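Notes follow the structure.
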Amino acid sequence: MRPRIVFAYRYASPGGPVTQLLARLELFASHFDVRMLFEWDLGGVSLFPPDIVTVAPSFQSQVDAIAELKPDVFVVIDSGWREPWIRAGSPGKLVMEVHTTTANLTFLDELRAAQRIDLFICASKYLASLLAERGLGDIAPIAVVPNTLRSGWVEKADPWDAPAPILLWIGRLEPHKGVRRFIALCDALDEQNVLPMLIGGTNDTDEEVMDTVERLYGSPRKQRPIWLTKVPHDRMRRIYASAAASGGMLVMTSDNENFPNTVVEAAMMGCPVVAPSVGGIPELLPRQALFPQGDDDAARALISRALADDAFRTSIADGARAIIEPLVRPEDALPAYLAALERAL
């Protein structure tokens, strides 16, 4: 009988951790009976087979769900779920996966006095070092297991014929993701005839959405921006391919990142990426593709160079893929996770 591994996260929303959980469901099934727990559904539950997911919005329903599932390994992604696990009798090994970034790490301070955590898992060396600096290595071992991609996800996609180089931005409209900075960069680069393309906003506040509308569409541009609030994950392949074929790129403007899936996906689809040198991003991109975090002049100069210099744009795309591909091979995902779990057994 396969051991049961249960992944518990706050919400099921397309993208982010749910993308990783879908990959693990596919790649871990040969070894584990994989199940998912969410506090609430934001459109992601339907992506899973119906017998895999339990939605448990209340504390007692979480306790009951954990007790019924009887996990051999219980994996909490970021915050929450630990107290219901304890109340359910602490079944199996408790693994804390940390994916969030510095601004949201305050919950980890509570874990210094935590009962029986068996293992911490991070996707980046950056975040593992941050946990160690906070003394969490005294509670449990810290392992680095990079994110992965589903088998076949990087198959070629046919790009559409864009009228101008696409500057692609993906994420929630929260301030720390830097959507305002991205739009300001597009404003500054409009003379180079760029096509801003923004993906995100499905689960953001009305205030954030309206502010983005005003900034993105409030002034005349050479190219009318494209804004898609929600894109099925498999359709993202064509978007990355189209950005690359147009002579454009993915632009990151976050205040911090751990192991951003968008960078991984773009690079594996041959789409150049420019990003701030912050958090775990430098582990994924060549130095030439990075600019100092918060330095808008440097970001604008880097994007401008990539737009104008085909050889440079190709070099940063090839350099990123050479770094990322060995980290995210689907066939390595299960062995890497099992090797980490061995430290907790």
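Numbering (the working numbering), first residue to last: 340 to 684.
By construction, the Cβ of each residue, glycine as well, lies at the ideal position given by its N, Cα and C atoms.
Fair warning: this is a prediction, and the values are worked out from it, not measured in the lab.
Bounds of the alpha helix (DSSP H) holding ALA645 are 635–647. Inter-segment contact for the region 361–378 and the region 615–628 is absent: fewer than three beta-carbon pairs are separated by less than 8 Å. Between the region 559–577 and the region 527–539 there are three or more C-beta pairs closer than 8 Å, enough to call the two in contact. Residue state for MET575 is assigned as helix, using DSSP reduced to three classes.
For TRP508, the secondary structure class from DSSP, reduced to helix, strand or coil, is strand. Counting along the chain, the unbroken alpha helix (DSSP H) around MET607 starts and ends at 600–607.
DSSP, read as helix, strand or coil, puts LEU366 in helix.
Between the region 500–508 and the region 587–594, the count of Cβ pairs shorter than 8 Å is three or higher; the stretches touch. In the DSSP assignment, CYS610 falls outside any beta strand (DSSP E), carrying neither H nor E. About 6 Å separates the beta carbon of SER429 from that of ARG455, a gap short enough to meet the 8 Å contact definition.
If you check the CB distance, LEU555 and SER643 do not come in under 9 Å.
Around GLU664, the same chain offers no residue with a beta carbon nearer than 6 Å, after the five sequence neighbours per side are excluded. Here ASN532 is exposed, its C-beta having fewer than 16 other C-beta atoms within 10 Å. As computed with DSSP, PHE413 is found in a beta bridge with VAL345 and LEU433. Residue state for ALA496 is assigned as coil, using DSSP reduced to three classes. Pairing PRO396 with VAL412, the inter-Cα distance amounts to about 21 Å.
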